[in-house]
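J.: The listed protein sequences correspond, in order, to chains A and B.
Just so you know, the first sequence maps onto residues 1 to 151 in my numbering.
Just so you know, the second sequence maps onto residues 1 to 129 in my numbering.
Yeah, the Cβ is synthetic: ideal placement off N, Cα and C, and Gly gets one too.
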Amino acid sequence: MPIDPAVIGTRTPAFSTVAERGRLRFFADATGQHDPVYSDVAAAEAAGHRDLPIPPTFLFCLEMDDPDRGSFLTGLGIDVRTILHGGQRFDFHAQAYAGDTLTFTTEVKDVYAKKGGALEFIVRATHVTRGDTPIATLTSTIVVRDPKAGQ
Amino acid sequence: MTTLTQGDRLTLECPRITRTALALYAGASGDHNPVHIDLDACRAVGIDDVFAHGMLSMAYLGRLLTDAVPQERIASYEVRFTSITPVNSTPTCTGTVTRVEDGLAHLDLIVSLPDGTVTLRGSAVLTTD
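Structure (structure tokens):
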């Protein structure tokens, strides 16, 4: 089923979340990040940070805290088993730290198809802010496979 | 390393991505998609085995960058996921400085498997100071 281009420009409701130090330590361990700046507050402060820095890709993980995150795709009638993560981009504006309250707002930037509609692409931009301060823009490309095409 | 010059090559040998590594990443990242952690769920939909989160490889690539420069110097960072990463594989991250101009270093990024399969392809822009 083709995705209606009218979805371009729509925004999901903003939500806010906080990165806890313990979760950042867990993430550092899970990704083999042994630089103590990412797990030890004293080491972070010695490097000029005010708390544990949120590592580059962890903003994507915080985006998953959105209690409503599944509704975008189901609202479009997309079976989540047919999607792939095609690409991910981060544009950084300011460093965020453990304990910061970060607000996420997601906007649909583009929808297009390839291979005669067998693959559809949804590009979404998530703007992350701390109060009025822009922190980063996350751009995700989701690939939707039409299970009926290409058989 | 804090100075980047055209032609510089950065590498990071990742540890073998075990099932435990995937369970830990699922918990830490919040991505609990069963295709990464639950063999039974995979087989139920015709997938032979679990495979790694693409974002785990992107995190390793992020570590390649933060090993080279303080994180505040990463201006942008993007990847395309080109192939899945099987469980128990040992990816290698490679970054190559393609040009340095106007205070910005541009890097090409690749994650590849020992058989040559490229799983992620991307780029980053770092400020030079």
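#1: Got a sec? Which residues, its chain only, sit under 7 Å from residue 78 of chain A by beta carbon, not counting five neighbours each side?
#2: Do the CB positions of residue 120 of chain B and residue 57 of chain B come within less than 7 Å of each other?
#3: State the start and end residues of the unbroken alpha helix (DSSP H) segment that holds residue 64 of chain B.
#4: Rounded to whole angstroms, what's the CA-CA distance from residue 49 of chain B to residue 60 of chain B? Just pull it up for me.
#5: Exposed or buried, what is residue 53 of chain A when buried is set at 16 or more other beta-carbons lying within 10 Å of its beta-carbon?
#6: Excluding the 5 residues preceding and the 5 following residue 10 of chain B in the sequence, name in chain order all residues of the same chain whose CB lies nearer than 6 Å to its CB.
#7: What residues match up with residue 111 of chain B in a beta bridge as DSSP calls it?
#8: Per DSSP, residue 114 of chain A forms a beta bridge with which residues?
#9: Taking 7 Å as the threshold (beta carbon to beta carbon), is residue 41 of chain B in contact with chain A?
#10: Would you please verify whether the beta carbon of residue 110 of chain A is less than 7 Å from any beta carbon of chain B?
#11: What is the rounded straight-line gap between the Cα of residue 40 of chain B and the Cα of residue 34 of chain B?
#12: Quick one: what does DSSP say residue 69 of chain A is sitting in, helix, strand or coil?
#13: Residue 145 of chain A lies in the beta strand (DSSP E); which residues open and close that run?
#14: Can you name, in chain order, every residue of its own chain whose Cβ lies under 7 Å from the Cβ of residue 50 of chain A, other than the five neighbours on each side?
#15: Looking at the structure shown, is residue 88 of chain A part of a helix, part of a strand, or coil, going by DSSP?
#16: Residues of chain B with CB closer than 8 Å to the CB of residue 99 of chain A, please, in chain order.
#17: On the three-state DSSP scale, how would you describe residue 94 of chain A?
#18: Starting from the N-terminal side, write out each stretch of the alpha helix (DSSP H) that is 4 residues or longer and does not extend beyond the region 18-82 of chain A.
#19: If you compare alpha carbons, which of A:14, A:32 and A:132 is closest to residue 107 of chain A?
#20: What is the DSSP secondary structure of residue 150 of chain A, counted as helix, strand or coil?
#21: Taking just the CA atoms, how far does residue 8 of chain B sit from residue 32 of chain B?
T.: With the given structure in hand:
#1: Hits under 7 Å: 144.
#2: Yes, Cβ-Cβ distance for residue 120 of chain B and residue 57 of chain B is below 7 Å.
#3: Start and end: 54-68.
#4: Residue 49 of chain B and residue 60 of chain B: Cα-Cα distance of roughly 22 Å.
#5: Its Cβ being crowded by 16 or more others within 10 Å, residue 53 of chain A is buried.
#6: 64, 68 and 95, listed in sequence order.
#7: Paired residue(s): B:93 and B:120.
#8: When beta bridges are read from the DSSP output, residue 114 of chain A appears opposite A:119.
#9: Answer no: the Cβ-Cβ gap between residue 41 of chain B and chain A never drops below 7 Å.
#10: Judged by the 7 Å Cβ criterion, residue 110 of chain A is not in contact with chain B.
#11: Approximately 9 Å between the Cα atoms of the pair.
#12: Correct three-state label for residue 69 of chain A: coil.
#13: Start and end: 133-145.
#14: Here the set comprises 97.
#15: When secondary structure is reduced to three states using DSSP, residue 88 of chain A falls in the strand class.
#16: Per Cβ cutoff of 8 Å: no residues; residue 99 of chain A is ~17 Å from chain B at best.
#17: Reduced to three states, the DSSP call for residue 94 of chain A is coil.
#18: Counting whole runs of 4 or more residues, the region 18-82 of chain A contains the alpha helix (DSSP H) stretches 21-30, 41-46, 58-63 and 71-75.
#19: Among A:14, A:32 and A:132, the Cα nearest to that of residue 107 of chain A belongs to A:14.
#20: Confidence in residue 150 of chain A is poor, its pLDDT being 48 and thus under 50, which makes the residue's placement too unreliable to answer from.
#21: Distance between the alpha carbons of residue 32 of chain B and residue 8 of chain B: 37 Å.
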